[in-house]
Structures are given as C-alpha cells and as structure tokens.
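Peer 1: Take the position in the sequence shown, starting the count at 1, then add 1181; the result is the number in the working numbering. For every residue, glycine included, the Cβ atom is placed at its ideal position computed from N, Cα and C. These numbers were taken from a predicted model, which means no experiment stands behind them. Below is one structure. I have some questions about it.
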Amino acid sequence: MLNKKSDYIYNERHVVVVPTMSLEYLEGLEYSFKNTILFDNTSGIDLIIDFINKNNFKQIILVDYQIEYHDIIEKLKEKHDIKIIFTKSMGAFSNPFVYSLFRGILELYEKYNISRIGFLDENLYKTLKNKNINCYHIKLDLETIENTSRFNSKKIGLLNNEENPRHSFYNELSALKFKNYIAVLHNVSKVTKKFMKLFDIKYEKSKSIDDVYKKNLVNLYINFTDNDNLTFIKSMDYNVPCILGNNELLKTNKFLNSMLVVKSDDSIDEISKKINLVKKHRKEILNEYKAFRKKYSKESNKTIIDFLGFNPKVFVKQEQKSRLLLSIVVPVYNTEKYLESSLKSIIRALPSGIKKQTEILLINDGSTDDSEKIIIKYKNKYPNLITYIKQKNHGLGNVRNVALKNAKGKYIASIDSDDTINKAFFKDALKYMQKDIDVIIYDWLSVTDNAKFETAAIEWCFNDINKYEGLLYTTIMPSTCNKIIKKSLYDSLKIKFVEDKYEDLSTNPFIMLSAKTIKYINKPYYEYYIRSNSIMRSNAGYSMIEILKEVDNRLDKYKNYINVDIEKFRFYTYSWRIEEFIFNQLYTLDQSNLFDFTKKMDEIKNIILDIIHNKYYVSMLNSIPDKKFTSFINDRNKAYENGKMLEFIKKVKNNKKNYLLNAPIIYYGLNK
1182 MLNKKSDYIY
1192 NERHVVVVPT
1202 MSLEYLEGLE
1212 YSFKNTILFD
1222 NTSGIDLIID
1232 FINKNNFKQI
1242 ILVDYQIEYH
1252 DIIEKLKEKH
1262 DIKIIFTKSM
1272 GAFSNPFVYS
1282 LFRGILELYE
1292 KYNISRIGFL
1302 DENLYKTLKN
1312 KNINCYHIKL
1322 DLETIENTSR
1332 FNSKKIGLLN
1342 NEENPRHSFY
1352 NELSALKFKN
1362 YIAVLHNVSK
1372 VTKKFMKLFD
1382 IKYEKSKSID
1392 DVYKKNLVNL
1402 YINFTDNDNL
1412 TFIKSMDYNV
1422 PCILGNNELL
1432 KTNKFLNSML
1442 VVKSDDSIDE
1452 ISKKINLVKK
1462 HRKEILNEYK
1472 AFRKKYSKES
1482 NKTIIDFLGF
1492 NPKVFVKQEQ
1502 KSRLLLSIVV
1512 PVYNTEKYLE
1522 SSLKSIIRAL
1532 PSGIKKQTEI
1542 LLINDGSTDD
1552 SEKIIIKYKN
1562 KYPNLITYIK
1572 QKNHGLGNVR
1582 NVALKNAKGK
1592 YIASIDSDDT
1602 INKAFFKDAL
1612 KYMQKDIDVI
1622 IYDWLSVTDN
1632 AKFETAAIEW
1642 CFNDINKYEG
1652 LLYTTIMPST
1662 CNKIIKKSLY
1672 DSLKIKFVED
1682 KYEDLSTNPF
1692 IMLSAKTIKY
1702 INKPYYEYYI
1712 RSNSIMRSNA
1722 GYSMIEILKE
1732 VDNRLDKYKN
1742 YINVDIEKFR
1752 FYTYSWRIEE
1762 FIFNQLYTLD
1772 QSNLFDFTKK
1782 MDEIKNIILD
1792 IIHNKYYVSM
1802 LNSIPDKKFT
1812 SFINDRNKAY
1822 ENGKMLEFIK
1832 KVKNNKKNYL
1842 LNAPIIYYGL
1852 NK
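This is the structure we're talking about:
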C-alpha cells in the first residue's frame, strides 16, 4: 500500500483510492491493482490531492462513493484520467444506503466525464453495459496461499457477518446442530451467545477473522446479495471447502456448483446435507478447485488489464537476495592527483554499521599514471572492503557495465575518482535503503577553480506540480554519481551503458522511468569538480548524436512499460542537448567539418524534426520575450527541415550574428 504521508516520490501509472467504508475489499484491490491508498474523509481531502499532484500518477481510481469525491475530481480532472470502481451488488440495492451510493457514482460519471466504471458484480455490469455507460466487469484476486495444514472434521467456520440481515447466519448455526458440529466464529455478540445457548450449539471464538478460514472441515458463506468472491477464494486456498448461496461465481463449473452452492438460504436441512456432501467429496472438490483457481486468476488479470489499459504487473519481479547491501563503484583513469581525496571521502562517509555490508569496486581502466599505486595502498589498508579490478582502457561506459556484472550489493553508488562526497552521503541514505526505496538522489555541489555553487537535482518550477517530473527533467538527471540505485532496476530492464561519451544519458533515464519509489534528499552531498579536461567541456557533438539515437531506440522499446508522457520526455531530454551539443557546434566548424557534421546530423533528422514540431518546444519558443531570437531559431529550424542548413550557417557567419548562446530552453509554467 502506498503511504500518502511518505517523504519519497512515487512513479506509478495509477493509484486506487479506497475509503474506510470499503476496507473489506482492500486486500483484493491491493493485490490486483498494486497501488492503493486509504481515504479517511474525517481528515479532509487536501492531503489526498497534494499526494496525487506531487507524484506521477496518470490514472486516479476512486472506489465506491464519497461526497468528498466531487471536490477531489474538481481539482484533479484537468490532468488526470478519473475512473471509478463500485464494489456493491445489485442484490444489495434493497438497502437504501447501498442504492444511494450507486446513484452517487452515476452522478459523478455524468457530471465529470468519468472515463470508466468498473463493477465487481457481474449482473450489475451486464445490466448497464448497453446503457451508454463505459463500464467493465472486474474480478479481484488474491495472492495464492500455500497451505498444507490438517483440518478438524468437527469444526465449521462461519465467514458471514452476524449483523448483516442479508446473510443466513442463524440458519447456518441451526444447521450445525444436526450433526453436533462446532461453530468457529470471530465476533460473537450477546444475542448470538443466547441463541447458541438456547439451542445447545457448540462454538469456539477465534483470535482473528483469518483464523476462521483455517483448519475447518467446511466454511459457510451463504448469502444471495453479496458478490464477495474473495471470501470464497481465501477459504478454498486454505484447503477448506466453502459453501455459497451466490451461484454466479461457480456457474461455469458444474461440479463445484453442484457441490458448494445451496439453492435456498432458508433451508436448514439443505445446508446440513450440503455439509455432509462436501465432507464425502472433499478431496475431489479441492482437486477440481486447483484448475478453477488458475483459470480465475487468469480471468482476473485480464479484467484488470482491460480496465486500466495496461498490465500493472509488468516489471514486478522477485528480486534476488543480495549478499551485500551496497556496492560503491569508483572508475579510475589517470586521476592520481584526485584519487586519494576521493577514496578518503568515501571511506569517511561509510557508517560503521554497514561497512561489513559494503564493497568498494575500484576499476582501473588502463591508467598510465600512478593511480594504481594509490589503489594498491588502499586495497592493502582495507582488504575486506575494497575489490580491485584492472583492465585495458575501454572507456567509462564499459567500466559501468563491468561494475554491473561484478557488483554484489543490492544498491549501487557510483563516485567518480576525481570527485568527493559529503560525510553524510550514506548515513542519510541508509534508512531509505533499509525501506527498499528504488532510487535515492542528491543535489550536488559544483566546484570550479574559483567558486562553489549548488546544483539542484530537481527543477524548481515543478515543486508544486509534480516532484517526479521535476527530478526527471532537470539537466543533471542522467548522472549516475548523485544517485544510489537498486541493481535490480538494471537487471529487470536488461539494460547496459553505451560505451561512448554521455553514457549515463543512454541508460539512467530508463532507470528513473522504471523506478517506482524515489527519495530526493535536498542536500548537495555529491561534490562535483568541474575541470577543463572534462569530457563534458569538450566538443562531442558526434557522440551526442549516437547517444540520442540509442535513447530514442530504447524509448521505443520500453514505451509500453514506462510511466511517461513521451512527447514531454523528448522535449526536456533532447531539446537543450540538440541545441547545445549539435546546433551550436555548426557555427564553429570550418567548411569541410561542417559538411561532414551536417551529414552526421541526418542520422537523427527524424528526432530533430520531432522536437521542432513538439508542442512543448513550440510553446517554449512562444514564451521567449526576445522575438528576434525566436525568429532566428524558427528560421534556422525551417532551413534544417528544408535541407538548407549549410546555406543558413554561411549567411549567419557572413552577417556576423552572434547566437552562440546557451541552449534556448526555458522551464515555463506547465501548470497553466
């Protein structure tokens, strides 16, 4: 269950809002849909609205009806797809309250253009599906229980609510008298005690409702108005046959229907005979149920996918148990001047409590200076902590892939060997690693020869809109170094780093897109040193072209599995990099290199044209106050689209126009 008061950021496609009045379905909703939160209408709606706004949910699914849903929908309808699930049955409409809930959801549907209504009751779905209502039938499921416990042939569990007049609770108790069975109940009122004493019915009180399900000869859930399939499923999963009064669930299985469904809730004699029948055929019933259960789960999953429009179980994989908690990767290439300071900062930052659960992988990528001497010094000093890997020079992307192959930790942190970290880097992250958060992110402290300044990992303009998007669309998002990342995210995607410059950009956006929980620690704990020989400061337009091709290929590969607006992602991830590393290169090249580079650009022409016509890019240009600049960019884009880029560059150089500016990207108010 999602925690709406948590201090980390969710990245889920949908969230199911369950009111306290519908708690009986919570377990099934949580298992079937994965992402649920509880709504307590006594605490107001602001917390729910704020929680939904600041996380990356696209669909909001409201369960049953609450008057507060009107206010919630009013504030969310512009940016979210709103759906409703109704848990009650048509047979329960004789209860005025249940009928009023039904009328309430129809009012929401008609007033707010709710996209879909899901019904647990099949009869209600069939009645409404041809009434111009976009409705779906939903079968909730539960995790299968592996149960081998022995049953008591004298005990009968009662799963009904004694206070519900639509259940045959007292008829069930009376039926047990015929064979002197012992009734197993959870809640026993004074009235029920008097009833059982009057008719000399033996009973025992269980510690919890779950205990009522277990170890009985038979369980009883005889009703003709409810549609709670999960009560039956849970009982049968415990290897305790469950007798029903609602035959819709078993209508397609003649054997189970004949064994487990009573035709009348008033016939004590029929209930008693059905118990004896089940006792006689108990083994056959449980064997038949195994096939029924597999079919039911398959049908349930299909109804969930149909209702959501995607499979919520994609990428939900069991993680392999890791031997260590943390692997710290330090790529080393000719950094003898900085390496010792880097290692000292890493070791100083490790809390003593997790040193035995940590490894430091020092990967020497063919250094030709004295870096190896420093590595060996620290390897000898910390033999149980440091693992040394030496290889020929292959580049940073290869080093990161070697690290993924060799890391034994549940989490991976990467620290470049010419950078340092704050002493609280791992201390502050530890509790989130212990909470199983997917990704932990920090700001960084940018350090130049003359100054220090903080660089935020979250774009400020998204703070009140969507914190996840704020992290996703910041310029330093692809960096591996300001993040602690679950290794299983790389494993689930089966993704590797491209072995070229900007290797992070080819991989980490997809790690972010597949992560479900992210903790953002708003502190500059990664200390990033900007030096003149950094690859990010060099002319690397050719590399950026290759990386953007790979990113776009991967975006197409994973688009059905990741939670992102593709057009928005391309705008924020591609546009400023195209401007700074590709278009801005054109003004500095001589004629020969200019021709070669423009030919290379044609390899991503479809990507560049998609950006030029991207609605977010167009809106960004329209928001720039300098209209001469906007006109210049539009003329340039038109020239590129028409294959006249060389002529345009020549004209600019002849006119000596100085447009060698930073990328014209402005983070404007997306909430408008």
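1) By DSSP, does V1799 sit in helix, in strand, or in coil?
2) Report the residue from D1645, I1528, I1692 whose alpha carbon sits nearest the alpha carbon of T1661.
3) Could you give the distance in angstroms between the alpha-carbon of L1842 and the alpha-carbon of D1791?
4) Would you tell me roughly how many angstroms separate the C-alpha atoms of S1478 and T1406, rounded to the nearest one?
5) Distance check for E1684 and L1411, CA to CA, integer angstroms please.
6) When the Cα atoms are used, what is the spatial distance from N1315 to E1303?
7) Which class does V1199 belong to by DSSP, given the choice of helix, strand or coil?
8) Would you identify the three-state DSSP class for Q1501, choosing helix, strand or coil?
9) Which full runs of the beta strand (DSSP E) of 3+ residues lie inside the stretch 1361–1444, going along the chain?
10) Can you give the Cα-Cα distance for Y1742 and F1300, rounded to whole angstroms?
11) Measure the Cβ-Cβ separation of L1524 and M1614 and say whether it is below 8 Å.
12) Exposed or buried, which one is P1659 when buried takes at least 16 other CB atoms within 10 Å?
13) Assuming K1608 contacts L1566 (C-beta within less than 8 Å), just tell me the rounded distance between them.
14) How would you label L1183, buried or exposed, when you count the other beta carbons within 10 angstroms and need 16 or more for buried?
15) Measure the C-alpha to C-alpha separation of L1437 and R1331 and round it to an integer number of angstroms.
16) Per the contact definition of three or more C-beta pairs closer than 8 Å, is the stretch 1562–1576 in contact with the stretch 1479–1496?
17) Quick check for students: name the residue ranges of the beta strand (DSSP E) that lie wholly in the stretch 1643–1706, counting only runs of 3 or more.
18) Do L1398 and I1319 have their C-beta atoms closer together than 8 Å?
19) Would L1542 and N1582 qualify as a contact pair, given that the criterion is a beta-carbon distance under 8 Å?
20) How big is the Cα-Cα spacing for H1251 and K1258?
21) Buried or exposed: which applies to D1807, given that a residue is buried once 16 or more other Cβ atoms fall within 10 Å of its Cβ?
22) N1180: which of R1463, K1832, E1255 sits nearest, CA to CA?
23) I'd like to know if the stretch 1341–1361 and the stretch 1448–1468 are in contact, where contact means that at least 3 CB-CB pairs between them fall below 8 Å.
24) Please classify R1751: does DSSP put it in a helix, a strand, or coil?
25) Going by DSSP in three states, P1512 sits in which element: helix, strand or coil?
26) Would N1823 pass as a contact of E1708 if the rule is Cβ separation under 8 Å?
27) Would Q1772 be called buried (16 or more neighbouring beta carbons within 10 Å of its own) or exposed?
28) Just to confirm, are I1254 and Y1293 a CB contact at a threshold of 8 Å?
29) What distance in whole Å lies between the Cβ atoms of I1544 and V1510, which are believed to be in contact at a cut-off of 8 Å?
30) To the nearest angstrom, how far is the alpha carbon of R1758 from that of D1624?
31) By DSSP's criteria, Q1766 is part of a beta bridge. Which residues make up the other side?
32) Buried or exposed for D1188, going by 16 or more other Cβ atoms inside 10 Å?
33) Where I1639 and T1656 are concerned, what is the direct C-alpha to C-alpha distance, given to the nearest angstrom?
34) Which of the three DSSP states is assigned to T1549 in this structure?
35) Could you say if the stretch 1725–1739 and the stretch 1633–1648 meet the contact criterion of at least three C-beta pairs nearer than 8 Å?
36) By Cβ distance, which residues of its chain are closer than 6 Å to N1400, with the 5 residues on each side in sequence left out?
Peer 2: According to the data block:
1) helix
2) I1692
3) Reliability of the predicted coordinates at L1842 is poor, the pLDDT of 45 falling under 50, and no value is obtained from them.
4) 23 Å
5) 48 Å
6) 14 Å
7) strand
8) coil
9) 1363–1366, 1384–1386, 1397–1402, 1423–1425
10) 26 Å
11) no
12) buried
13) Incorrect: roughly 17 Å between the Cβ atoms, too far for contact.
14) buried
15) 22 Å
16) no
17) 1664–1667
18) no
19) no
20) 10 Å
21) exposed
22) With the chain covering only 1182 through 1853, there is no way to say anything about residue 1180.
23) yes
24) helix
25) strand
26) no
27) exposed
28) yes
29) 7 Å
30) 21 Å
31) Q1766 pairs with nothing; no bridge assigned.
32) exposed
33) 9 Å
34) coil
35) no
36) G1338, L1340, S1416, V1421, C1423
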